[in-house]
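Student: First the structure, which I've put down as structure tokens, then a few questions once you've had a look.
There are 2 protein chains.
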Amino acid sequence: MRFICDSTQLSEAMATVSKALASKSVMPVLEGVLARASGSGVSFCCTDLKMGIETVIPAQIAEEGEVVLQGRLFYEITRRLPEGNVEIAVTTEGENAGAVITAPGLRTRLFIMDAADFPALPVVENAQRIVLPGKSLRDLIRQTAFAASLDESRPILTGVLLEINAGRVRFVALDGYRLAMCDAPYDGEVQGMKAVIPASTLTRLAGIVGDSGNVALEIGPSHVGVDVDNTRLVSRLLEGEFIRYEQIIPQDYTTRAIVDQAAMADALDRAAMLARDGHSNLVRLRLADAKLYMTSNSESGDMYEEVPIQLEGKDLEIAFNARYLVDIFKNIGAGTVVMSFTTNVSPCILRPEASSNTYLVLPVRVYGA
Amino acid sequence: MRFICDSTQLSEAMATVSKALASKSVMPVLEGVLARASGSGVSFCCTDLKMGIETVIPAQIAEEGEVVLQGRLFYEITRRLPEGNVEIAVTTEGENAGAVITAPGLRTRLFIMDAADFPALPVVENAQRIVLPGKSLRDLIRQTAFAASLDESRPILTGVLLEINAGRVRFVALDGYRLAMCDAPYDGEVQGMKAVIPASTLTRLAGIVGDSGNVALEIGPSHVGVDVDNTRLVSRLLEGEFIRYEQIIPQDYTTRAIVDQAAMADALDRAAMLARDGHSNLVRLRLADAKLYMTSNSESGDMYEEVPIQLEGKDLEIAFNARYLVDIFKNIGAGTVVMSFTTNVSPCILRPEASSNTYLVLPVRVYGA
């Protein structure tokens, strides 16, 4: 195998695919990147078996072939190449076996692994194909994935439900303490589809999707394939039934507070800092007199904040895990937010005025019902 | 104690003094910041007993007094205050004892410690006073402190020698494997002075000194005091005789290579990466044919670089700890660098063409003498 390509395109390709690189794998080949030269381009592919990313860059190919290079090291080298052309020549057999990277003034030889040992990316069969603007997809991911669970004991909760119905695509994530549900318009042909995509896959996907252009998702029974420009990501889907989330979201409320996102985010940032210091991580809210009074405390002191609100309905005292509220107000978007409560042991619903997104957070029981 | 000050000035003051905050101290009061309101200003002071920093900001003082607040927490709070005025009111006795921080919409109460327990910054007596432009001082620190030792077993090597003689101020640092020596012009009255300042003190000082203005250093027999605008830093000096560094620097050479700093820094960056991967951290140089050939290797591969040079004298093969060369070429400044060698087991001297600075690095013995 031998080819010449542009060093900047090479390092950008490696930055993309290395997101799927297994960090410490029992299979050494998974710490590698598969490079394959054919036709007028070279593809690079990394996978941790749960998901994989492949990208193609143009190259002048003198000899076709494929090889596996040590992924992390090859990426670090590509980041440090001088601008311009770089040649990569691979000898697979004999005492000169290795990949030689040549650029003006430098030559690096890396040991190689056998391409035959590298697992192929799964083919997504019987897929339904949906196309979304990149920006929509990124927003859906950013506004929901943070609420998925990190606890592998209930795998389904580590995923984000993608659901298509009635002219909209919906993402839902929940971890048993909070829920995030976001919609975007969808005018394609696919209807009534559901799939649960690992949140970690979506977070890495959001790092690849650009501001412009469309993204195509092929969703099969067990895998999803995503095409972004010259890059393809394939990930397994999570098996099992997602929680019936509609039942969790209360429709009624007895107290409603209309708050400014920035004012709440700032106040929560300060209160959460003291709450963290105290390990309880608790923030208490009292709604009364057109004010939201926020308190937190630790052995080092206590903090008291007042946020002006529009208050409808009954006064209320309620407590939350500070981190959950901080996460929501960081991701909910700028503008006005409507918080709806029933009792101080029932879920709080948060909806930004600017969208149809819905967030839910369970209170911590410190007051009587 | 009660005062009103500007929240931005307050958080900047805390950013400055918290550089001297002890992270985990056996004396809880050293994790605190001493705040003292008197006259028309409030001073803040942190110390880890080895060094301390005090800074003063203007304030409207309603009641004079002093108190110790938990340093890290108070700093984090000041960073999150809204812009504008903030009031700090301290009650030292009774059940309301504490410091109450009030800004529009928020009120935080922090527990306090007794100011009487806070160690005073040492007074620098019998001092000689030198004044240097801030930029000169910062450059001297940046270009030398990295070469000081981190090993506390020979404390004197963890310091930087400051030496005034013949119209120049000189900083020298060395750790047994490398040396950095930098001069700046000095036209003050003090002459023939020496002091060894802890490198960690200087690194923190460099973070306080701005681009413009002068810095005054008061150097006494056991302590140094530094005044930068409204900030004073006091540090102990290191005791004992500094190494007689002039004897270490060879005057002759048999091989001289003139290299470009940027080309060498780039090549070393790449070679050091592979050297790091191989744990030996070794980079080998071969000087011949108007080229510097650089090689490094590990179990993952090997790297070969060519850097164009002007070569005078005999060809040479020599090996170095890659990190030492990387450090020097990162700090030596842009432009042309002259590297002088005698044998491959003798020190290499590096001098930038643009200054009178001198760097020395010992080779690693891998070739015969």
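Chains A and B are the protein sequences, given in the same order.
Residue numbers are given in my numbering: position 264 of the first sequence equals residue 264, and the series is strictly consecutive.
If you want my numbering, it's the position in the second sequence, counting the first as 1, plus 1000.
All C-beta atoms in this analysis are idealised placements derived from N, C-alpha and C, irrespective of residue type, glycine included.
#1: DSSP three-state label for Gly1032 (chain B), please.
#2: Along the chain, where does the beta strand (DSSP E) that runs through Gln9 (chain A) open and close?
#3: Does the distance from the CB of Val67 (chain A) to the CB of Leu121 (chain A) come in under 9 Å?
#4: Does the beta-carbon distance from Ile1332 (chain B) to Pro1347 (chain B) come in below 9 Å?
#5: What residue range does the alpha helix (DSSP H) around Gly1134 (chain B) cover?
#6: Taking Cβ-Cβ distances below 7 Å as the criterion, which residues of the segment 12-41 of chain A are in contact with chain B?
#7: In whole angstroms, give me the CA-to-CA distance for Glu76 (chain A) and Ala1115 (chain B).
#8: Just to confirm, are Met1001 (chain B) and Ala1097 (chain B) a CB contact at a threshold of 9 Å?
#9: For Ala1369 (chain B), which residues in the same chain have their Cβ closer than 8 Å to its Cβ, ignoring the five residues on either side in sequence?
#10: Could you tell me how far apart the beta carbons of Met1051 (chain B) and Ala1020 (chain B) are, in whole angstroms, since I believe they sit closer than 8 Å?
#11: Considering Ile1328 (chain B), what are the terminal residues of the alpha helix (DSSP H) in which it resides?
#12: Secondary structure at Pro1155 (chain B), three-state DSSP: helix, strand or coil?
#13: Can you give me, in chain order, the residues of the segment 282-303 of chain A that have a beta carbon less than 8 Å from any beta carbon in chain B?
#14: Who are the Cβ neighbours of Arg1079 (chain B) in its own chain at under 7 Å, not counting the five residues just before and after it?
#15: Quick one: residues in its chain with C-beta nearer than 6 Å to the C-beta of Asp1183 (chain B), no 5 flanking neighbours on either side, listed in chain order?
#16: Measure from the C-beta of Thr336 (chain A) to each C-beta in chain B and report whether the shortest distance is under 9 Å.
#17: First and last residue of the alpha helix (DSSP H) that includes Leu1391 (chain B)?
#18: Taking Ala1199 (chain B) as the reference, which of B:Ile1219, B:Asp1302 and B:Ile1156 has the closest Cα?
#19: Taking the alpha-carbon positions, what's the Ala1371 (chain B) to Thr1358 (chain B) distance?
#20: Between which two residues does the beta strand (DSSP E) carrying Gln1261 (chain B) extend?
#21: Would you say Ile1219 (chain B) and Gln1191 (chain B) are within 9 Å of each other, going by their C-beta atoms?
#22: Return yes when the Cβ of Ala290 (chain A) is within less than 9 Å of the Cβ of Leu311 (chain A), no when it is not.
#23: Kindly list the residues whose CB is nearer than 6 Å to the CB of Ile1349 (chain B), restricted to its own chain and excluding five residues on each side of it in sequence; keep chain order.
#24: Could you spell out where the alpha helix (DSSP H) holding Tyr75 (chain A) opens and where it closes?
#25: Would you identify the three-state DSSP class for Ala369 (chain A), choosing helix, strand or coil?
#26: Listing by chain order, which chain A residues have their CB less than 9 Å from the CB of Val1083 (chain B)?
#27: Between Gly105 (chain A) and chain B, is any beta-carbon pair separated by less than 9 Å?
#28: CB Ala145 (chain A) to CB Thr92 (chain A), shorter than 9 Å?
#29: What residues in the segment 93-117 of chain A bring their beta carbon closer than 7 Å to a beta carbon of chain B?
#30: Looking at Val429 (chain A): is its Cβ nearer than 9 Å to the Cβ of Ile57 (chain A)?
#31: Given Glu63 (chain A), which residues of its chain have a CB within under 7 Å of its CB, disregarding the five upstream and five downstream residues?
#32: Any beta carbon of chain B sitting closer than 9 Å to that of Glu306 (chain A)?
#33: For Ile4 (chain A), which residues from the same chain have a beta carbon less than 6 Å from its beta carbon, with the 5 sequence-adjacent residues on both sides left out?
#34: Who are the near neighbours of Glu125 (chain A) in its chain, counting only those whose CB is closer than 7 Å to its CB and skipping five residues on each side?
#35: To the nearest angstrom, how far is it from the Cα of Ser153 (chain A) to the Cα of Asp175 (chain A)?
#36: If you follow the beta strand (DSSP E) that Phe341 (chain A) is in, where does it begin and where does it stop?
Tutor: Concretely, from the data shown:
#1: strand
#2: Taken as a continuous stretch (DSSP letters only), Gln9 (chain A) belongs to no beta strand (DSSP E), being part of the alpha helix (DSSP H) at Ser7 to Val17.
#3: no
#4: no
#5: Gly1134 to Thr1144
#6: none
#7: 51 Å
#8: In this structure, Met1001 (chain B) sits away from Ala1097 (chain B), with a CB-CB distance that is not shorter than 9 Å.
#9: Because Ala1369 (chain B) sits at a pLDDT of 45, beneath the cut-off of 50, its placement in the model cannot be relied upon, and the following sentence gives the value as read from the coordinates. Only Thr1343, Asn1344 and Val1345 meet the Cβ criterion.
#10: Indeed, because the Cβ distance is near 6 Å, the residues count as touching under 8 Å.
#11: Ala1322 to Asn1331
#12: helix
#13: So the close ones are Glu299, Ser300, Gly301, Asp302 and Met303.
#14: Ser1011
#15: Arg1168, Arg1170 and Ser1356
#16: Thr336 (chain A) does not count as touching chain B.
#17: Since the first residue shown for chain B is 1001 and the last is 1369, residue 1391 (chain B) is missing from the structure and cannot be characterised.
#18: B:Ile1156
#19: Absent from the model: residue 1371 (chain B). The displayed extent of chain B is 1001 to 1369, so no value can be given.
#20: In the DSSP annotation of this structure, Gln1261 (chain B) is not part of any beta strand (DSSP E); the continuous alpha helix (DSSP H) holding it starts and ends at Gln1261 to Asp1277.
#21: no
#22: In this structure, the beta-carbon distance from Leu311 (chain A) to Ala290 (chain A) falls below 9 Å.
#23: Excluding sequence neighbours, Ile1349 (chain B) sits near Ser1340 and Leu1360.
#24: Where Tyr75 (chain A) is concerned, the enclosing alpha helix (DSSP H) stretches over Gly71 to Arg79.
#25: At Ala369 (chain A), the pLDDT of 45 sits below 50, so the modelled position is not reliable and the matter cannot be decided from this model.
#26: First, the residue type needs correcting, since residue 1083 (chain B) is Glu and not Val in the sequence shown. Correct list: empty, because the minimum Cβ distance to chain A is about 11 Å.
#27: yes
#28: Going by C-beta atoms, Ala145 (chain A) is not nearer than 9 Å to Thr92 (chain A).
#29: Gly98, Gly105, Leu106, Arg107, Thr108, Arg109, Leu110 and Phe111
#30: Any question about residue 429 (chain A) goes unanswered here, given that chain A covers just 1 to 369.
#31: Met1 and Arg2
#32: yes
#33: Gln60, Asn85 and Glu87
#34: Result list for Glu125 (chain A): Gly220, in chain order.
#35: Using only the alpha carbons, I get a separation of about 11 Å.
#36: Thr336 to Phe341
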